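Undergrad: First, the structure itself, so that you have it in front of you.
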Amino acid sequence: MSEKVSLDREQEAIQEPSLRDAVLEMLSSDGTAAYPVIEKLAAFENSYPNDIVYALILENEITHRMLNQLAIRQQQQNQVIAGRLTERLDSWQEQLRRDMIRRDLIARSQFRRLVALHRERFLTRTILFTAVGISALLAGLGIYWLYRLIGG
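The sequence shown begins at 0 in numbering that gives the first Met the number 0 and counts up one residue at a time.
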């Protein structure tokens, strides 16, 4: 009967994996980074296979892997967001450059118009004042000659 009980326990152990087996399987799939932990667990191979320490190690390993997956996913999202922001900033810079060129061309054309207008006004004023000055001079000379003829 005791042999049957021990056989039942062995079959249960075979059918149901222990926490130690789950931890060792998970750590061995992690690669060389978990080798020191596996070494330490191998030193206590004869201890109780469903010890709470194995549960804590398993929980920590699962949490660590979840955090790694979250970090990778977050990094990918950040790269996508950075790409989109770069595209938007590039299009904004291109639009800004076009606007600046357009405003510069408008300012230059307005300055040219202003210079042309002042040049035209200056020429008109110069001609007008010259004509008025010449007519005043001629009128003055004419009056002088009239005064000399009449008076004397």
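Built from N, CA and C at the ideal position, the CB exists for glycine as well. Remember, it's a predicted structure, so these values are computed and weren't measured experimentally.
How do the stretch 83 to 98 and the stretch 53 to 62 stand: do at least 3 beta-carbon pairs fall below 8 Å, yes or no?
TA: no
Undergrad: Less than 8 Å between the C-beta atoms of L18 and D50, yes or no?
TA: yes
Undergrad: Let's test the definition: count the other Cβ atoms within 10 Å of the Cβ of I56 and tell me whether it reaches 16, buried, or not, exposed.
TA: buried
Undergrad: So the alpha helix (DSSP H) E60 belongs to, where does it begin and stop?
TA: I51 to G150
Undergrad: For E24, does the three-state DSSP call read helix, strand or coil?
TA: helix
Undergrad: Throw me the rounded Cβ distance for the V22 and Y47 pair, which I believe falls under 8 Å.
TA: Between the beta-carbon of V22 and that of Y47 there is about 13 Å, and that puts the pair past the 8 Å contact cut.
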